[in-house]
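*Asks:* Dropping the structure in here first, questions after.
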Amino acid sequence: MKTVILDASTLKRMIDRIAHQILEHHENNPDLAIVGIKTRGAHLAKRFAERLKEFKGKEVPVGELGITFYRDDFKKDSDQPVVQSTEIGFDIENKTIIIVDDVLQTGRTVRCALDELIDFGRPAKIELAVLIDRGHRELPIRPDYVGKNVPTSTEQVIRLNLTETDGKDEVILESKNG
Amino acid sequence: MKYLIKNAKIIDPSNKLDGKFDILISGGKIAKIAEKITDKAEKTIDAEGKTALPGFVDIHVHFRQPGYEAKETILTGSRCAVKGGFTHVLMMPNTRPPIDCEKVITEVNRIIGKDSINNVYIASAITKKREGKELSDFGAYKKLGIKAISDDGDSIADEKIMELALKTAKKEDLLVISHCEDRKLSANGVMNEGFISSKLGLNGMPKSAEYKIVQRDIELAKKTGAKLHIAHVSCKESCEIIKKAKKEGVKVTAETAPHYFALTEENCQTYDTRTKMSPPLRTQKDVEFIKKSLADGTLDAIATDHAPHGFHDKYVEFDRAEFGIIGLETALSVTIMELIEKKIITWQKLVDLMSTNPAKILGITPPQIKEGADADITIIDASKEWKMFAEDVVSKSKNSPFLKKPLRGFVEYVFVGGKLKLAEGKLLRC
Amino acid sequence: MAEWTKKDLIGLEYLSREEIEHILTVTDSFKEVNKRAVKKVPVLRGKTVVSLFYEPSTRTLASFELAARRLSCDVMSLPMKTSSVTKGETLVDTGRNIEAMNVDIIIVRHSMSGAPYVLSQALNASVVNAGDGWHEHPTQALLDMYTIKKKLGKIEGLKVCIIGDIAHSRVARSNIWGLTKLGAKVTLCAPKMLLPMGVEKFGVNATSNLDEAIKDADAINVLRMQFERDSTTAFPEKRKYIQDYSITSEVLAKAKKDIVVMHPGPINRGIEMSSEVADGENSVILEQVTNGVAVRMAVLYLVSNGKEKL
């Protein structure tokens, strides 16, 4: 059973709003940078950066994190995860980094991203922006910017589709077995 | 003790019988052969669906005693031979000390008398210590019962010494069995020289290392008039040289082992050391030619070159492993699968190759299923499927590439001199 | 679809084109890790890696060890004394003993071809071949191919020339398998006595003329020439070899301007290659070394999750 809970225009408004929120806090911060978690977080990160430029002419460096080598579920007997590469083309020392991910649930992915980021250097501050927070945290991780809180059960799956990867912008909610 | 074998199909080219017969064994001999025998016997064997053949004769085995008893002894080797259907075997002298003098021959004869359960003959060394330098006094050992001389495991590198050996052997009327290998050419080779050895990164032994010495020894045999037998022929070129020599009337005979018509160098690709032997496994073309040569009489006998080696001798790097595999217990099955089932030879020819010819080469009376003959009989189930697992191998050593592989053809009963040694494939206490 | 299922890396002969390409793709990520300030990722944290080197080696051993450490493995080296005379513990026994200590990956270098193959069949632990006899040296060929790919953008259709004692070279064999599987056209160049048996069956060209081989080559791999060896095999005379096969600036002048010059190292300056070429613009020898660590990280990463035996 699949439902579209957010359509393209709602998503656009959400992304715009988050971009404005970021600007509210960091408009005059010269050391701002955005790093997206692959795959869809990375695309979102690019979109945020575009908005910042569009709204206030603010140029912000964008990086991409592939967290494959930091996962904590690697030791399980499972198929090998696809190796995602990391590209951070700037020095993160003393920067304010906004990590971007599409859906926040257990918080483990963000934990990987934090560990990996800190292996690159010592940022002044790290904030978290997510499009959807669906609850069920297993680690003490909290977002600074949220598109929408969507309470769910663990039987359900939330997926963000983006034009860049899936042909259209929308958020789908479906039950695992449907 | 009297034995009655019922309803056996007899295959023995020396007699013209065809069909099912009963055989009565009494006093060590074949007392009667008839369609229905009603005589009383202490043990009756129902051989319905089974075939009775003359006992097999293997003129090339290594029994490792004295010196390497951990690998095999005359007792275990003899039992192993009977398991494979062999009533007569010839053991090679590359023991420690080598069988090259009266003292060692006498001792080995003593052990044979005490421990063997079939007929074990001795080939003593051609040269002292098998070093290829000085002839041993083999003429004097004829009276000790040696049936042939050989430095097997090694070739006599010095042509002059080989010629002298053949001359002397002719004088003493002894058979010379030659392991043909030019060590200068085979150097540190471990498998057949070719693309596969190049691919695997292993040093190769070219075929010329074998056939050049086959050529040499045949010429010397021709020159001296000696009786020469070429051991373990592995390649086409050797067969061609032997065929030509026979045409010219040279007194040469030759043998090959089952692995040379069942396996090729391709089997070495897993670095399994049970594919390492000397001479090495060759190409498919050689396999086809060997089969042809067995069928057309170029090669006279099948001899296993049974070479037991311990686990630690074989379960090592290919370069380091000992050469050789065991073969007594699988010889019949491999021969049936590769030669009979593939219609290369007839059953009559199989008897020639595995019994009659090797016996003649050795100079012993060939086993026969004939009234009055010694009862050396091997009864087989020609189509029974079985698998050989390490725990079932009778030999002390388990180095066989045929382990766990599907085999067809099983030795059920073996009579040695009228005594039952193997029943339903199991060795009897004797 | 799992692209990598094998628990071992024994040689490139046993890999499919897709598997080789997968290793090269994963290598990109590890190359990036090696550029960071913190050259470590926790992905194989707690895995135990043992190097079993029966043949001495400093560079390959160091490269593997660094690779393992950068993946957060626990690493140990066991230099083994080999002598064909001293029998001692057999290879398989040693392997089983190490495996019994719950070691996950064993890296083996051995002077006898087939040793890692045999070990990989006998053990459940992963076995990585760091060079066996003159059979294969898969990680060397992988880093050679990775270097070519980074420099020239592809392997398919390229003309690659391997020069030197190819008959007894495991580096050459692995490169032949890898390059031909990925669609390169390989030419071997050596005096006849140093060309391997069955050259045609390897799917390569062979020539003894250096100028002809190098003329339109996109990359050359120059093997180390050792003149101090046993006298059982025929071997070219040193001065003549240098005259006919040494890669000098004059030789390169006849080749493509952007020809990529590789060498597995260590270089005998002045013998198989002149100093100017070794240090020159076309040489990627140091990049090979850098790429080597990344390739080995990729290999260790992949085999650690594999289960299938060859």
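From first to last, the protein sequence lines stand for chains A, B and C.
One gets this note's numbering by counting positions in the first sequence from 1 and adding 3 to each.
One gets this note's numbering by counting positions in the second sequence from 1 and adding 70 to each.
One gets this note's numbering by counting positions in the third sequence from 1 and adding 420 to each.
A virtual CB, placed ideally from N, CA and C, is assigned to each residue, including glycine.
Assuming Val-192/B and Ile-169/B make a contact with CB atoms under 8 Å, what is their CB distance in whole Å?
*Replies:* By 1-based counting over the second sequence, the position of residue 192/B is 122. By 1-based counting over the second sequence, the position of residue 169/B is 99. Checking the sequence, you will find Ile at residue 192/B rather than Val. Right, the Cβ-Cβ distance comes to about 6 Å (below 8 Å), so this counts as a contact.
*Asks:* For Arg-50/A and Glu-423/C, what's the separation of their Cα atoms in angstroms?
*Replies:* By 1-based counting over the first sequence, the position of residue 50/A is 47. By 1-based counting over the third sequence, the position of residue 423/C is 3. So the two alpha carbons sit approximately 32 Å from each other.
*Asks:* Using a beta-carbon distance cut-off of less than 8 Å, what residues from the region 248 to 275 of chain B approach chain C?
*Replies:* Ala-257, Asn-258, Glu-263, Gly-264, Phe-265, Ile-266, Ser-267, Ser-268, Lys-269, Leu-270, Gly-271, Leu-272 and Gly-274
*Asks:* So who's on the other strand from Ala-445/B, going by DSSP bridges?
*Replies:* Start at 1 with the first residue of the second sequence, and residue 445/B comes out as number 375. Ala-445/B pairs with nothing; no bridge assigned.
*Asks:* Show which residues of chain C have a CB atom less than 7 Å away from the CB atom of Val-86/A.
*Replies:* On the first sequence, residue 86/A is found 83 positions in, with the first residue counted as 1. Result: Val-446 and Ser-449.
*Asks:* With the cut-off set at 8 Å, would you say Tyr-434/C and Tyr-341/B are in Cβ contact?
*Replies:* As a position in the third sequence, residue 434/C is number 14, starting the count at 1. As a position in the second sequence, residue 341/B is number 271, starting the count at 1. No, they are not a contact pair.
*Asks:* Apart from the five residues on each side of it in sequence, which residues of its chain come closer than 7 Å, Cβ to Cβ, to Val-63/A?
*Replies:* By one-based count along the first sequence, residue 63/A stands at place 60. Within the same chain, Val-63/A has close Cβ partners Leu-35, Ala-36, Ile-37, Ala-52 and Leu-55.
*Asks:* Measure from the alpha carbon of Ala-604/C to the alpha carbon of each residue in Ile-518/C, Glu-701/C and Asp-564/C, then state which is nearest.
*Replies:* Residue 604/C sits at position 184 when you count from the first residue of the third sequence. The option with the nearest alpha carbon to Ala-604/C is Asp-564/C.
*Asks:* Around the C-beta of Asn-725/C, are 16 or more other C-beta atoms found within 10 angstroms, so that it is buried, or is it exposed?
*Replies:* As a first step, residue 725/C must be located in the third sequence, where it is residue number 305. So Asn-725/C ends up on the buried side.
*Asks:* What are the partner residues of Tyr-483/B, as DSSP defines its beta bridges?
*Replies:* For this step, residue 483/B is matched to residue 413 along the second sequence. Answer by DSSP bridge pairing, in chain order: Ile-449/B.
*Asks:* Look up Asn-179/B in the DSSP assignment and say whether it is helix, strand or coil.
*Replies:* For the purposes of this step, residue 179/B is identified with residue 109 of the second sequence, where counting begins at 1. Here Asn-179/B sits in helix by DSSP.
*Asks:* Skipping 5 residues on each side, what residues in its chain have a beta carbon closer than 8 Å to that of Ser-156/A?
*Replies:* Position 153 of the first sequence holds residue 156/A. Only residues of its own chain outside the window of five on either side were considered, and among them none has a CB closer than 8 Å to the CB of Ser-156/A.
*Asks:* Do we get a CB-CB distance below 8 Å when we pair Pro-462/C with the residues of chain A?
*Replies:* For the purposes of this step, residue 462/C is taken as residue 42 along the third sequence, with counting starting at 1. Closer than 8 Å to some Cβ of chain A, the Cβ of Pro-462/C qualifies, so yes.
*Asks:* Since Tyr-385/B meets chain C, which of its residues come closer than 9 Å, beta carbon to beta carbon?
*Replies:* Reading the second sequence from its first residue, position 315 is the one you call residue 385/B. Going along chain C in sequence order, the residues near Tyr-385/B (Cβ under 9 Å) are Thr-510, Leu-511, Val-512, Asp-513, Val-538 and Ala-542.
*Asks:* To the nearest angstrom, how far is the alpha carbon of Ala-391/B from that of Asn-337/B?
*Replies:* Here residue 391/B is taken as the residue at index 321 of the second sequence, counted from 1. Here residue 337/B is taken as the residue at index 267 of the second sequence, counted from 1. Cα to Cα, the separation comes out at about 16 Å.
*Asks:* Short of 7 Å in beta carbon distance, which residues of its chain neighbour Ile-406/B, apart from the five on each side in sequence? Order them along the chain.
*Replies:* Taking the second sequence and counting its residues from 1, the one referred to as residue 406/B is at position 336. Here the set comprises Ala-452, Arg-478 and Gly-479.
*Asks:* Measuring alpha carbon to alpha carbon, tell me which of Pro-476/C, Leu-498/C and Ala-545/C ends up nearest Leu-429/C.
*Replies:* Indexing the third sequence from 1 puts residue 429/C at position 9. Comparing Cα-Cα distances from Leu-429/C to each of Pro-476/C, Leu-498/C and Ala-545/C, the minimum goes to Ala-545/C.
*Asks:* Would you list, in chain order, the members of the region 517 to 538 of chain C that have their beta-carbon closer than 8 Å to a beta-carbon of chain B?
*Replies:* Answer in chain order: His-530, Met-532, Ser-533, Gly-534, Ala-535, Tyr-537 and Val-538.
*Asks:* State buried or exposed for Asp-699/C, treating a residue as buried only when at least 16 other CB atoms are found within 10 Å of its CB.
*Replies:* Locating residue 699/C in the third sequence gives position 279, counting from the first residue. Around the CB of Asp-699/C, fewer than 16 other CB atoms lie within 10 Å, so the residue is classed as exposed.
*Asks:* Using a Cβ-Cβ cut-off of 8 Å, state whether Lys-388/B counts as contacting chain C.
*Replies:* Here residue 388/B corresponds to residue number 318 of the second sequence, with the count starting at 1. Before going further, note that residue 388/B is Phe rather than Lys in the sequence given. Yes, because at least one Cβ of chain C sits closer than 8 Å to the Cβ of Phe-388/B.
*Asks:* Mapping DSSP to helix, strand and coil, what is Met-162/B?
*Replies:* Here residue 162/B is taken as the residue at index 92 of the second sequence, counted from 1. If DSSP states are grouped into helix, strand and coil, Met-162/B belongs with coil.
*Asks:* Which chain C residues sit within Cβ distance under 8 Å of Tyr-138/B?
*Replies:* Numbered from its first residue, the second sequence carries residue 138/B at position 68. Those within 8 Å of Tyr-138/B in chain C number zero; the least Cβ separation is about 15 Å.
*Asks:* Assess, as a yes-or-no matter, whether the region 267 to 275 of chain B is touched by the region 241 to 248 of chain B under the definition of 3 or more beta carbon pairs within less than 8 Å.
*Replies:* no
*Asks:* Rounding to the nearest angstrom, what Cα-Cα distance links Lys-306/B and Lys-384/B in this structure?
*Replies:* Taking the first residue of the second sequence as position 1, residue 306/B is located at position 236. Taking the first residue of the second sequence as position 1, residue 384/B is located at position 314. C-alpha separation (whole angstroms): 28 Å.
*Asks:* Below 7 Å on C-beta distance, what does Tyr-341/B contact in chain C?
*Replies:* Residue numbering aside, residue 341/B sits at position 271 when the second sequence is read from its first letter. Here the neighbours are Gly-534, Tyr-537 and Val-538.
*Asks:* Should Ile-679/C and Asp-638/C be called a contact, given that it needs their Cβ atoms to be closer than 8 Å?
*Replies:* Within the third sequence, residue 679/C is the residue found at index 259, counting from 1. Within the third sequence, residue 638/C is the residue found at index 218, counting from 1. Cβ distance < 8 Å, so Ile-679/C and Asp-638/C count as in contact.
*Asks:* Hey, does Met-421/C have any beta-carbon neighbour from chain B nearer than 8 Å?
*Replies:* The residue you call residue 421/C lines up with position 1 of the third sequence. With a pLDDT of only 44 at Met-421/C, under the threshold of 50, the placement of this residue in the model should not be trusted, and no figure is reported.
*Asks:* Flag this pair as touching only if the region 126 to 141 of chain B and the region 489 to 500 of chain B have three or more C-beta atom pairs under 8 Å; answer yes or no.
*Replies:* no
*Asks:* Taking one C-beta from the region 75 to 90 of chain B and one from the region 114 to 132 of chain B each time, how about it: are there three or more such pairs within less than 8 Å?
*Replies:* yes
*Asks:* Which partner residues of Ala-78/B appear in the DSSP bridge assignment?
*Replies:* Translated into the one-based positions of the second sequence, residue 78/B becomes position 8. Note: Ala-78/B sits in a beta bridge opposite Phe-91/B.
*Asks:* Going by DSSP in three states, Val-591/C sits in which element: helix, strand or coil?
*Replies:* The residue labelled residue 591/C in the question sits at position 171 within the third sequence. Helix.
*Asks:* Using DSSP bridges, identify the partner residues of Glu-556/C.
*Replies:* On the third sequence, position 136 is the one that residue 556/C refers to. Paired residue(s): Asp-552/C.
*Asks:* Is the shortest distance between the beta-carbon of Glu-452/C and the beta-carbons of chain A less than 8 Å?
*Replies:* If you number the third sequence from 1, residue 452/C lands on position 32. Output row for Glu-452/C: interface = yes.
*Asks:* Report the partner residues of Phe-473/C according to the DSSP bridge assignment.
*Replies:* Within the third sequence, residue 473/C is the residue found at index 53, counting from 1. Phe-473/C is bridged to Pro-499/C and Arg-529/C.
*Asks:* At the 8 Å Cβ level, is Thr-99/A part of the contact set with chain C, yes or no?
*Replies:* As a first step, residue 99/A must be located in the first sequence, where it is residue number 96. For Thr-99/A, the answer is no, since every Cβ of chain C falls outside 8 Å of its Cβ.
*Asks:* Is it buried or exposed for Asn-798/C, if we count other Cβ within 10 angstroms and need 16 for buried?
*Replies:* Since the displayed chain C opens at 421 and closes at 730, residue 798/C lies outside it and no answer follows.
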